[in-house]
Amino acid sequence: MSRSRRVKLQAFRVTIFILLGAFFLVPIGAMFEFSTRGNSVTAPRTMEAWTNIFQTADLVKAITVSLELAVITSVGMLVLLLPTMVWVRLRLPRVHRIVEFLCLLPLTIPAIALVVGIAPLYHWIEINLTDSILILSFVYLIIVLPYSYRALDAGLAAIDIKTMSEAARSLGAGWGTVMLRVIVPNMSTAILNACLLSVAVVLGEFTFAQLLYFENLQVAIGYVGLVSAGTSIAVSVASLIFAFTLLMILSFFGRPRLRIAPIEETVIPGPLGPPIGPK
Amino acid sequence: MTTPAGVEVRLEDLRRSYAGVTALDGLSLTMAPGELVALLGPSGCGKTTAMRLVAGLEEANSGRVMFGGKDVTGLPANRRDVGMVFQAYSLFPHMTAQQNVEFGLSLHKVNAAKRRERSGEMLELVGLSKYANRYAHQLSGGQQQRVALARALAIQPTVLLLDEPLSALDAKVRSRLRDEIRRVQLEVGTTTLFVTHDQEEALAIADRVGVMNAGRLEQLDSPVAIYSRPATPFVAEFVGLTNRIPGMVKFGMVEVRGTELPLVQHDAPTGPAIALVRPEAVALASEHDSVPGPLIGTVIAVAFLGATSRVSVDLGDIVVLAQLPTAEASAHPAGTRVRLAIRPDPVLIAREVEKAPVEA
Numbered sequence: 034m035s036r037s038r039r040v041k042l043q044a045f046r047v048t049i050f051i052l053l054g055a056f057f058l059v060p061i062g063a064m065f066e067f068s069t070r071g072n073s074v075t076a077p078r079t080m081e082a083w084t085n086i087f088q089t090a091d092l093v094k095a096i097t098v099s100l101e102l103a104v105i106t107s108v109g110m111l112v113l114l115l116p117t118m119v120w121v122r123l124r125l126p127r128v129h130r131i132v133e134f135l136c137l138l139p140l141t142i143p144a145i146a147l148v149v150g151i152a153p154l155y156h157w158i159e160i161n162l163t164d165s166i167l168i169l170s171f172v173y174l175i176i177v178l179p180y181s182y183r184a185l186d187a188g189l190a191a192i193d194i195k196t197m198s199e200a201a202r203s204l205g206a207g208w209g210t211v212m213l214r215v216i217v218p219n220m221s222t223a224i225l226n227a228c229l230l231s232v233a234v235v236l237g238e239f240t241f242a243q244l245l246y247f248e249n250l251q252v253a254i255g256y257v258g259l260v261s262a263g264t265s266i267a268v269s270v271a272s273l274i275f276a277f278t279l280l281m282i283l284s285f286f287g288r289p290r291l292r293i294a295p296i297e298e299t300v301i302p303g304p305l306g307p308p309i310g311p312k
Numbered sequence: 011m012t013t014p015a016g017v018e019v020r021l022e023d024l025r026r027s028y029a030g031v032t033a034l035d036g037l038s039l040t041m042a043p044g045e046l047v048a049l050l051g052p053s054g055c056g057k058t059t060a061m062r063l064v065a066g067l068e069e070a071n072s073g074r075v076m077f078g079g080k081d082v083t084g085l086p087a088n089r090r091d092v093g094m095v096f097q098a099y100s101l102f103p104h105m106t107a108q109q110n111v112e113f114g115l116s117l118h119k120v121n122a123a124k125r126r127e128r129s130g131e132m133l134e135l136v137g138l139s140k141y142a143n144r145y146a147h148q149l150s151g152g153q154q155q156r157v158a159l160a161r162a163l164a165i166q167p168t169v170l171l172l173d174e175p176l177s178a179l180d181a182k183v184r185s186r187l188r189d190e191i192r193r194v195q196l197e198v199g200t201t202t203l204f205v206t207h208d209q210e211e212a213l214a215i216a217d218r219v220g221v222m223n224a225g226r227l228e229q230l231d232s233p234v235a236i237y238s239r240p241a242t243p244f245v246a247e248f249v250g251l252t253n254r255i256p257g258m259v260k261f262g263m264v265e266v267r268g269t270e271l272p273l274v275q276h277d278a279p280t281g282p283a284i285a286l287v288r289p290e291a292v293a294l295a296s297e298h299d300s301v302p303g304p305l306i307g308t309v310i311a312v313a314f315l316g317a318t319s320r321v322s323v324d325l326g327d328i329v330v331l332a333q334l335p336t337a338e339a340s341a342h343p344a345g346t347r348v349r350l351a352i353r354p355d356p357v358l359i360a361r362e363v364e365k366a367p368v369e370a
């Protein structure tokens, strides 16, 4: 590649990077600017809206509950989806398309339709079992399925799961060991990816919580916004920063290992001596 | 390192089919303790299925697998005590070479100090001590397969299973690693089943070779016997090159273009047949007579193979291959007229006359 072409390519990359950066950062910057405004145009900057986050009990409770929901949903998704997908790949490849279809189905069903369908079940659970908001994690498990499935499927496709599991089995590993010591460590990036997507979906979810009369983070932000627009914007910016931090962690874990060139084949010393002839 | 004594491995009438298609049709085979048996055959002949049944990675429809007189047919793969090296690279990517070798030992509850010692010995055995801390992606294909061999042997398995472990490697590395596998196998003395579709590999490495076809064992014998005394036309044609020359069976002999050859199948019925003649059983002599004869033809190609050369001779209706020392073959360049002589070794006959005259 010629030098001028390289320079042009580099300039193109930088331009795209700046444009995309601006696309994401300008709205967030504007939100931050709004959240630090005083009561009038001439009033000095203030962090009151940010400090209000921790002084609004309902908001703190909603943040805590949403984080709990995010953790429960992520763990539930992994426990449900990962072994199923591994088993389907190893033992039931012919049902792969059916499982894929079922997992992607929630994408095609409007949230309102799902809520209408699931509301009677939730009412029954609330009356007869528990009215804890954490039961929302059941429905969240359904709505995170398409995103998590895609992430895990990409991870499974990237490794030779059949050969690795058979190698582990032949060495004496049971299925639990195969999962925990062979498969999971080799798809840590995909698992983190699936978890991040689940967390993002749960933290941003509004429709189900609102229509099933629960108060999660987004519903609480809506209520706070009625009283203090600045505080609700501050919480939104904080949750975005939280998501970005998760992304940074993900990219750190997903970074490929340092590559070292393979070593030349070596001749093995042994009773039969090295092979005869040119190497 | 302690050398485990090999055990006898017996497969009794193993059968396996997939959706009505028979992959293995009554395979019976006994391997002596410490023996290396190669299963050789074309794709789909059932050799890999046989190995997977021995490993416990699949279940047989019927039949038994016995290790040292113990029936292991119903045992799952993780309780069979086999070491296996796969065709695909199977090292765990998140572990170093040493951790890979230690993996099986940790499952067998070997303490950390012993694991380290044993993995060191195994890596030394395969000549990779220096690379113990490398990950799979930092090793070449041949090195990965050697680590996989060390990993399989580290647990001192009852049986070692090698499922085309050299197929993914280039020719030079393949040939060297083949010799190394044999050396290591002789050193540890583990009874070993080696599956391959490469006849050169099978003949070079095995104590005995089993040639498989359509789920059945056609012949199980020493490499020399498989090549020089094939039991069936399939074995004769699959192992090595074979000339298919039309002839006529009569009086316990087959007459091939004026030359009478003894038969392997003494009870072959009289009538037309195809004689299967090895290229090295065909000799050439210069022929200046322009009158055509049954064994007179024209050299159409000479393939240099190193110490020997393969000469293709057009006899008019068929092309016959002759394998000669290169010095001898150089006397017959393409275009020269030659007279063939067929050495009167016992030959096999095939009845299907519709196949191509020469096949690999």
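The listed protein sequences derive, respectively, from chains A and B. Letter by letter, the first sequence follows residues 34 to 312 of our numbering. Letter by letter, the second sequence follows residues 11 to 370 of our numbering. Every residue gets a Cβ at the ideal spot worked out from N, C-alpha and C, and that includes glycine.
**Study point:** Residue span of the alpha helix (DSSP H) that contains F87 (chain A), given as start and end
**Key:** On the first sequence, position 54 is the one that residue 87 (chain A) refers to. Counting along the chain, F87 (chain A) sits inside the alpha helix (DSSP H) bounded by residues E81 to Q88.
**Study point:** Touching by the beta-carbon criterion (3+ pairs, under 8 Å), the segment 194-206 of chain B and the segment 141-152 of chain B
**Key:** Fewer than three beta-carbon pairs drawn from the segment 194-206 of chain B and the segment 141-152 of chain B are found closer than 8 Å, and the two stretches are therefore not classed as touching.
Point to revise | For T318 (chain B), three-class secondary structure by DSSP | key: For this step, residue 318 (chain B) is matched to residue 308 along the second sequence. T318 (chain B) falls in the strand class under three-state DSSP.
Check your understanding: According to a CB-to-CB cut-off of less than 9 Å, which residues of the segment 191-213 of chain A neighbour chain B?
Key -> Within the segment 191-213 of chain A, the residues whose Cβ lies closer than 9 Å to some Cβ of chain B are I192, D193, K195, T196, M197, E199, A200, A201, R202, S203, L204, G205, A206, G207, W208, T210 and V211, listed in chain order.
Practice item. Output, in chain order, the set of chain B residues within a Cβ distance shorter than 7 Å of P218 (chain A). Key: Within the first sequence, residue 218 (chain A) is the residue found at index 185, counting from 1. H104, listed in chain order.
Check your understanding: How would you list, in chain order, the residues of chain A whose beta-carbon sits under 8 Å from the beta-carbon of L67 (chain B)?
Key -> As a first step, residue 67 (chain B) must be located in the second sequence, where it is residue number 57. Result: E199, R202 and S203.
Review point. Quick one: is A98 (chain B) near chain A, going by C-beta distance under 8 Å?
Key: Looking up residue 98 (chain B) in the second sequence gives position 88. Cβ-Cβ to chain A under 8 Å: yes for A98 (chain B).
Check your understanding: Quick one: which chain A residues come within Cβ less than 8 Å of G93 (chain B)?
Key -> On the second sequence, residue 93 (chain B) is found 83 positions in, with the first residue counted as 1. Going along chain A in sequence order, the residues near G93 (chain B) (Cβ under 8 Å) are S203 and L204.
Check your understanding: For D186 (chain A), which three-state DSSP category applies?
Key -> The residue given as residue 186 (chain A) occupies position 153 in the first sequence. The DSSP-derived three-state label of D186 (chain A) is helix.
Practice item. Taking only beta carbons into account, state which residues of the segment 101-125 of chain B come closer than 7 Å to chain A, listed in chain order. Key: Under the 7 Å Cβ criterion, the segment 101-125 of chain B contributes F102, P103, H104, F113, G114, L117 and H118.
Check your understanding: Is any beta-carbon of chain A found at less than 8 Å from that of N71 (chain B)?
Key -> Position 61 of the second sequence, counted from the start, is the residue given in the question as residue 71 (chain B). No, N71 (chain B) lies away from the interface with chain A (no Cβ there is under 8 Å from its Cβ).
Practice item. Excluding the 5 residues preceding and the 5 following N177 (chain B) in the sequence, name in chain order all residues of the same chain whose CB lies nearer than 6 Å to its CB. Key: Start at 1 with the first residue of the second sequence, and residue 177 (chain B) comes out as number 167. As written in the sequence, residue 177 (chain B) is Ser, which differs from the Asn given in the question. Excluding sequence neighbours, S177 (chain B) sits near Q97.
Practice item. Measure how close the beta-carbons of L115 (chain B) and I165 (chain B) come, nearest whole angstrom, since I'm counting them as under 8 Å. Key: For this step, residue 115 (chain B) is matched to residue 105 along the second sequence. For this step, residue 165 (chain B) is matched to residue 155 along the second sequence. About 6 Å separates the beta carbons of L115 (chain B) and I165 (chain B), which is inside the 8 Å limit, making them a contact pair.
**Study point:** DSSP bridge partner residues for M76 (chain B) (one or two, in chain order)
**Key:** As a position in the second sequence, residue 76 (chain B) is number 66, starting the count at 1. Answer is B:R20 and B:D81, bridged to M76 (chain B).
Point to revise | Interface partners of N88 (chain B) on chain A, CB under 7 Å | key: To locate residue 88 (chain B), count along the second sequence from 1; it is residue 78. Ordered by position in chain A, the residues that pass the 7 Å Cβ test against N88 (chain B) are R202, G205, A206 and G207.
Point to revise | I215 (chain B): contacting residues in chain A (beta-carbon distance under 9 Å) | key: For this step, residue 215 (chain B) is matched to residue 205 along the second sequence. Contact of I215 (chain B) with chain A by beta-carbon distance below 9 Å is absent, the smallest such distance being about 13 Å.
Exercise for review: For R214 (chain A), collect the residues of the same chain with a Cβ closer than 8 Å to its Cβ; drop the 5 residues on either side in sequence, then sort them by chain order.
Suggested key: Locating residue 214 (chain A) in the first sequence gives position 181, where the first residue counts as 1. Excluding sequence neighbours, R214 (chain A) sits near A201 and A206.
Review point. Looking at the structure shown, is L291 (chain A) part of a helix, part of a strand, or coil, going by DSSP?
Key: If you number the first sequence from 1, residue 291 (chain A) lands on position 258. In this prediction, L291 (chain A) scores a pLDDT of 46, lower than 50, which makes its location untrustworthy; the coordinate-derived value is nonetheless stated afterwards. In the structure shown, L291 (chain A) adopts coil according to DSSP, grouped into three states.
Review point. Which stretch, first to last residue, makes up the alpha helix (DSSP H) that contains I236 (chain B)?
Key: Mapped onto the second sequence, residue 236 (chain B) falls at position 226. I236 (chain B) -> alpha helix (DSSP H) spans P233 to S238.
Check your understanding: Which residues in chain B sit within 7 Å of V30 (chain A), going by Cβ to Cβ distance?
Key -> No answer is possible for residue 30 (chain A): it lies beyond the span of chain A, which begins at 34 and ends at 312.
Practice item. Can you have a look at G44 (chain B) and say buried or exposed, based on whether 16 or more other CB atoms are within 10 angstroms of its CB? Key: As a working mapping, residue 44 (chain B) is identified with position 34 in the second sequence. G44 (chain B) is classed as buried because its beta carbon has at least 16 other beta carbons within 10 Å across all chains shown.
Point to revise | Touching by the beta-carbon criterion (3+ pairs, under 8 Å), the segment 125-142 of chain B and the segment 72-89 of chain B | key: Touching, no, given that fewer than three Cβ pairs across the two stretches are closer than 8 Å.
Exercise for review: Taking only the alpha-carbon atoms, compute the straight-line gap between I359 (chain B) and L50 (chain B) and give it to the nearest angstrom.
Suggested key: Here residue 359 (chain B) corresponds to residue number 349 of the second sequence, with the count starting at 1. Here residue 50 (chain B) corresponds to residue number 40 of the second sequence, with the count starting at 1. Taking the straight line joining both Cα atoms gives about 22 Å.
Check your understanding: How is the alpha helix (DSSP H) around S221 (chain A) delimited, first residue to last?
Key -> Sequence index remark: in the first sequence, residue 221 (chain A) carries index 188 (1-based). Its alpha helix (DSSP H) spans residues S221 to L236.
Point to revise | Closest residue to L325 (chain B) among B:P335, B:S340 and B:T346 (Cα-Cα distance) | key: Indexing the second sequence from 1 puts residue 325 (chain B) at position 315. Nearest neighbour of L325 (chain B) by Cα position, chosen from B:P335, B:S340 and B:T346, turns out to be B:T346.
Practice item. Would you be able to state if there are at least three C-beta pairs under 8 Å between the segment 223-232 of chain A and the segment 111-119 of chain A? Key: Contact annotation: the segment 111-119 of chain A touches the segment 223-232 of chain A, with at least three C-beta pairs closer than 8 Å.
Check your understanding: Going straight from the alpha carbon of E159 (chain A) to that of E101 (chain A), what length do you get?
Key -> As a position in the first sequence, residue 159 (chain A) is number 126, starting the count at 1. As a position in the first sequence, residue 101 (chain A) is number 68, starting the count at 1. Taking the straight line joining both Cα atoms gives about 19 Å.
Check your understanding: In chain A, which residues lie less than 8 Å from I165 (chain B) when you measure between Cβ atoms?
Key -> Start at 1 with the first residue of the second sequence, and residue 165 (chain B) comes out as number 155. Here the neighbours are L204 and G205.
Practice item. Give a yes or no on whether the C-beta atoms belonging to N253 (chain B) and V292 (chain B) are separated by under 8 Å. Key: Your numbering for residue 253 (chain B) matches position 243 in the second sequence. Your numbering for residue 292 (chain B) matches position 282 in the second sequence. In this structure, V292 (chain B) lies closer than 8 Å to N253 (chain B) by Cβ.
**Study point:** Cβ contact check for the segment 106-114 of chain B and the segment 60-79 of chain B: 3 or more pairs under 8 Å
**Key:** The segment 106-114 of chain B makes no contact with the segment 60-79 of chain B: fewer than 3 CB pairs, one atom from each, lie closer than 8 Å.
**Study point:** Boundaries of the beta strand (DSSP E) in which S296 (chain B) is found, first to last residue
**Key:** Walking along the second sequence from the start, residue 296 (chain B) turns up at place 286. Run containing S296 (chain B): V292 to S296, per the beta strand (DSSP E) assignment.
Practice item. Return helix, strand or coil for V136 (chain B), following the three-state DSSP convention. Key: One-based indexing of the second sequence puts residue 136 (chain B) at position 126. It is coil, neither helix nor strand.
Point to revise | the segment 163-182 of chain A / the segment 129-142 of chain A touching (three or more Cβ pairs under 8 Å) | key: Segments in contact, yes.
**Study point:** C-beta atoms of L259 (chain A) and A103 (chain A) nearer than 8 Å
**Key:** Stepping through the first sequence from its first residue, residue 259 (chain A) is reached at position 226. Stepping through the first sequence from its first residue, residue 103 (chain A) is reached at position 70. A distance of 8 Å or more separates the beta carbons of L259 (chain A) and A103 (chain A).
Check your understanding: Which class does L179 (chain B) belong to by DSSP, given the choice of helix, strand or coil?
Key -> Counting from one through the second sequence, the residue named residue 179 (chain B) turns up at place 169. It is coil, neither helix nor strand.
**Study point:** the segment 247-267 of chain B in contact with the segment 204-222 of chain B per 3-pair CB rule at 8 Å
**Key:** Touching, yes, given that three or more Cβ pairs across the two stretches are closer than 8 Å.
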